[in-house]
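To convert, count from 1 in the sequence shown and add 72; that's this note's numbering.
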Amino acid sequence: MARILIAGCGDLGTALGQNLHAAGHDVWGLKRQPADLPPTIHPLAADLTDPATLDRLPTALDSVIYSAAAANFTEVAYRAAYVSGVSHLLQALRAGGQQPQRLLFVSSTSVYAQHQGEWVDENTPATADGFSGRCLREGEQLIWDSPWPAVAVRFGGIYGPGRTRLIDSIRNGSATRPTGAPIYTNRIHRDDCARVLHHLLDLPDPQSLYIGVDDEPAPLDEVLCWLATQLGVPNPPAAPLAPLKPGATRNETAARLRASKRCRNARLRTSGFQFRYPSYREGYQTLLAAESITRNSGHD
Ligand SMILES: NC(=O)c1ccc[n+]([C@@H]2O[C@H](COP(=O)([O-])OP(=O)(O)OC[C@H]3O[C@@H](n4cnc5c(N)ncnc54)[C@H](OP(=O)(O)O)[C@@H]3O)[C@@H](O)[C@H]2O)c1
73 MARILIAGCG DLGTALGQNL HAAGHDVWGL KRQPADLPPT IHPLAADLTD
123 PATLDRLPTA LDSVIYSAAA ANFTEVAYRA AYVSGVSHLL QALRAGGQQP
173 QRLLFVSSTS VYAQHQGEWV DENTPATADG FSGRCLREGE QLIWDSPWPA
223 VAVRFGGIYG PGRTRLIDSI RNGSATRPTG APIYTNRIHR DDCARVLHHL
273 LDLPDPQSLY IGVDDEPAPL DEVLCWLATQ LGVPNPPAAP LAPLKPGATR
323 NETAARLRAS KRCRNARLRT SGFQFRYPSY REGYQTLLAA ESITRNSGHD
């Protein structure tokens, strides 16, 4: 049984924590408001931006996963979540004399600057020059420079339970199909993200970097039309890609920054990982089926 800390234990961290608990591990979830964690994860109230709150970490940790998210799409929030928070946590681990065998850092494919449909993999230089890409790369470098074996995972757009932005946009008629060159999107189902992190914790000799996306970078208009067919509604109208509206959410803005490139998952595949949802079709089909069961059983 390993002792595992998930720092920034939100949606993804909780899914991972539950899998790790089911595999027999002892799991702590660190966040500012830990009351919403399930009973399988020990709650640890702390603020990664405030080092004074990090002096009571569980002892003798075997692994640490960093999965905190920025509160909004500003440089201040990104620096707090992906740079200062990482630095404070590493300092607390050092101060506590901890010797974890593995650190994992949850990063994003938005570190890549490509946006014309190019293929990218772990050997492609990550040169996105916006603050989000820069902060994520700094966070990755901090864990790689730490005294412990460290792995960063660059996930594409995460979808899954409660993350139904595309489905909702088709239902409410706000979706449009972008015209012009295909806009490639790279996705991964939330449950596969948790499984990737679990796999990388168990892998005997991992590399320091993995891209975490499913098998199929897909043009946005193809995904929208496929979803419209599943929902039995007309395809969304075609329109030029509109600029982001002021006040766009963190996720909308980050999604725009992640397009349009095609991310290769060969390194993850070669390491032995098998997707439960190898493309958006399997993943969204499961989400839509779960919605329909909920509706038919009278819940909203
Ligand atoms: N959404 C995507 O499509 C996508 C794509 C690629 C990568 N990612 C990355 O995936 C990671 C996990 O995402 P997620 O969806 O699980 O996010 P999430 O549900 O928002 O979880 C993040 C957690 O971090 C905690 N947190 C934030 N600031 C903190 C602080 N200062 N101290 C302690 N805890 C803090 C929050 O809990 P409290 O508020 O209680 O502190 C929250 O529960 C993030 O790093 C994100 O950038 C996301």
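Beta carbons: idealized from backbone N, C-alpha and C, even for Gly.
With hydrogens ignored, establish whether the beta-carbon of lysine 333 is closer than 6 angstroms to any heavy atom of ligand 1. Translated into the one-based positions of the sequence shown, residue 333 becomes position 261. No, the Cβ of lysine 333 stays beyond 6 angstroms of every heavy atom of ligand 1.
Going by DSSP, what residues sit across from phenylalanine 177 in a beta bridge? What you label residue 177 is simply residue 105 of the sequence shown in a count that begins at 1. In the DSSP output, where bridge partners are listed per residue, phenylalanine 177 has Tyr138, Ala224.
Looking at the unbroken alpha helix (DSSP H) that takes in leucine 129, where does it start and where does it end? On the sequence shown, residue 129 is found 57 positions in, with the first residue counted as 1. Neither: leucine 129 is in no alpha helix (DSSP H) and is coded neither H nor E.
Nearest to phenylalanine 177 (by Cα), restricted to the options Ser139, Val285, Gly355, Gly96: Residue mapping note: residue 177 aligns to position 105 of the sequence shown, counting from 1. Minimum Cα-Cα distance from phenylalanine 177 among the listed residues Ser139, Val285, Gly355, Gly96 corresponds to Ser139.
How do the segment 292 to 299 and the segment 340 to 356 stand: do at least 3 beta-carbon pairs fall below 8 angstroms, yes or no? Taking 8 angstroms as the limit for Cβ pairs, the verdict is that the segment 340 to 356 does touch the segment 292 to 299.
Would a check of beta-carbon distances place tyrosine 356 closer than 7 angstroms to chain D? The structure shown contains no chain D, having only a single protein chain.
DSSP three-state assignment for leucine 77, whether helix, strand or coil: Position 5 of the sequence shown holds residue 77. The three-state secondary structure of leucine 77, taken from DSSP, is strand.
Excluding the 5 residues preceding and the 5 following alanine 143 in the sequence, name in chain order all residues of the same chain whose CB lies nearer than 6 angstroms to its CB. Position 71 of the sequence shown holds residue 143. Within the same chain, alanine 143 has close Cβ partners Ala149.
Assumed close pair glycine 189, tyrosine 256 - CB separation to whole angstroms, cut-off 8 angstroms: Numbered from its first residue, the sequence shown carries residue 189 at position 117. Numbered from its first residue, the sequence shown carries residue 256 at position 184. About 5 angstroms separates the Cβ atoms of glycine 189 and tyrosine 256, confirming a contact at the 8 angstroms cut-off.
Considering only residues of the segment 254 to 312, which uninterrupted alpha helix (DSSP H) runs meet the minimum length of 4 residues and lie entirely inside it, listed in chain order? Segments of the alpha helix (DSSP H) lying fully in the segment 254 to 312: 262 to 274, 292 to 303.
Taking C-beta to C-beta, are proline 250 and leucine 313 nearer than 7 angstroms? Working through the sequence shown from its first residue, we reach residue 250 at position 178. Working through the sequence shown from its first residue, we reach residue 313 at position 241. Contact: yes.
Where isoleucine 113 sits in the DSSP three-state scheme: Position 41 of the sequence shown, counted from the start, is the residue given in the question as residue 113. Looking at isoleucine 113 - three-state DSSP - the assignment turns out to be coil, as it is neither helix nor strand.
Contact set, ligand 1 heavy atom to C-beta under 5 angstroms: A residue is listed when its beta-carbon falls short of 5 angstroms from at least one non-hydrogen atom of ligand 1; in chain order these are Gly80, Gly82, Asp83, Leu84, Lys103, Arg104, Gln105, Asp119, Leu120, Thr121, Ser139, Ala140, Ala141, Val178, Ser180, Phe227, Gly229, Ile230.
For a test of the three-state rule: what should DSSP assign to proline 106, helix, strand or coil? Working through the sequence shown from its first residue, we reach residue 106 at position 34. The answer is helix: DSSP assigns proline 106 an H, G or I state.
Is the segment 227 to 237 close to the segment 304 to 311, with three or more CB pairs under 8 angstroms? No contact exists between the segment 227 to 237 and the segment 304 to 311.
DSSP-derived helix/strand/coil call for histidine 371: As a position in the sequence shown, residue 371 is number 299, starting the count at 1. Here the model assigns histidine 371 a pLDDT of 47, short of 50, so the residue's position is not dependable and the matter cannot be decided.
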